[in-house]
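Residue numbers (our numbering): 1291 to 1458.
Note sheet for the following structure.
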């Protein structure tokens, strides 16, 4: 891939990839590393597949995250998640990237949503602006499975929004 094309891709997709990485790992530094590694791998690849370049970048990031997760095999404690969530809400990218307070609150609820596949599908659909088809390819599931997961994730996020004390 040519350098100027990579520069344009970096400027165009950095924010989306960063927020996606953050939704996966919940750590700012790790999210930055994942995005950097994604662009590095894309840059050294000589054969870019036909189709959606954006989907391809998201897939590289997801695969790299899975590889790191497999290598770590760390069992994260509840204390770690509490620390990560407080760290994100204090000075995280949600405040700097997402400008409106309402969007910040929704993003905070999204990043805490369990299970992980709910977060991932919602993020890819709304923030990554990917189609059901592209999401199903990215997460390596069928389109019907992706639709069902998106439905359930929306329902669970809606429940979280109703229980949240913030006024929407």
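All residues carry an ideal CB built from backbone N, CA and C; glycine is no exception.
Exercise. Relative to the alpha-carbon of residue 1317, which residue among 1301, 1402, 1333, 1429 has its alpha-carbon at the smallest distance?
Worked result: The residue given as residue 1317 occupies position 27 in the chain shown. Nearest of 1301, 1402, 1333, 1429 to residue 1317, Cα basis: 1402.
Exercise. Closest by CA to residue 1428, which one among 1409, 1303, 1400, 1350?
Worked result: For this step, residue 1428 is matched to residue 138 along the chain shown. That would be 1350, whose Cα lies nearest to the Cα of residue 1428.
Problem set entry | Alpha-carbon spacing of residue 1442 relative to residue 1413, whole angstroms | Within the chain shown, the letter at position 152 stands for residue 1442. Within the chain shown, the letter at position 123 stands for residue 1413. Approximately 14 Å, taken between the alpha carbons.
For this session: May I ask you to verify whether the stretch 1444 to 1452 touches the stretch 1417 to 1424, counting CB pairs closer than 8 Å and requiring at least 3?
Result: no
Exercise. Any contact of the stretch 1323 to 1339 with the stretch 1306 to 1314, i.e. 3+ C-beta pairs under 8 Å?
Worked result: yes
Exercise. Does DSSP classify residue 1448 as helix, strand or coil?
Worked result: The residue you call residue 1448 lines up with position 158 of the chain shown. The answer is helix: DSSP assigns residue 1448 an H, G or I state.
Exercise. Rounded to whole angstroms, how far is the Cβ of residue 1400 from the Cβ of residue 1342, which I believe are closer than 8 Å?
Worked result: Here residue 1400 is taken as the residue at index 110 of the chain shown, counted from 1. Here residue 1342 is taken as the residue at index 52 of the chain shown, counted from 1. Residue 1400 to residue 1342, Cβ: 23 Å. No contact.
For this session: Provide the residue span of the alpha helix (DSSP H) that contains residue 1326, from first to last.
Result: Locating residue 1326 in the chain shown gives position 36, counting from the first residue. Residue 1326 -> alpha helix (DSSP H) spans 1318 to 1334.
Exercise. Between the Cα of residue 1297 and the Cα atoms of 1311, 1333, 1440, which residue gives the shortest distance?
Worked result: Residue numbering aside, residue 1297 sits at position 7 when the chain shown is read from its first letter. Selected option, being the one with the closest Cα: 1333.
Problem set entry | Residue span of the alpha helix (DSSP H) that contains residue 1407, given as start and end | Mapped onto the chain shown, residue 1407 falls at position 117. Residues 1406 to 1412.
For this session: Report the rounded CA-to-CA distance for residue 1452 versus residue 1417, giving the unit in angstroms.
Result: In the chain shown, residue 1452 corresponds to position 162, counting from 1. In the chain shown, residue 1417 corresponds to position 127, counting from 1. Distance between the alpha carbons of residue 1452 and residue 1417 is about 21 Å.
For this session: Determine the DSSP secondary structure at residue 1357, reduced to helix, strand or coil.
Result: Residue numbering aside, residue 1357 sits at position 67 when the chain shown is read from its first letter. Of the three classes helix, strand and coil, the one that applies to residue 1357 here is helix, per DSSP.
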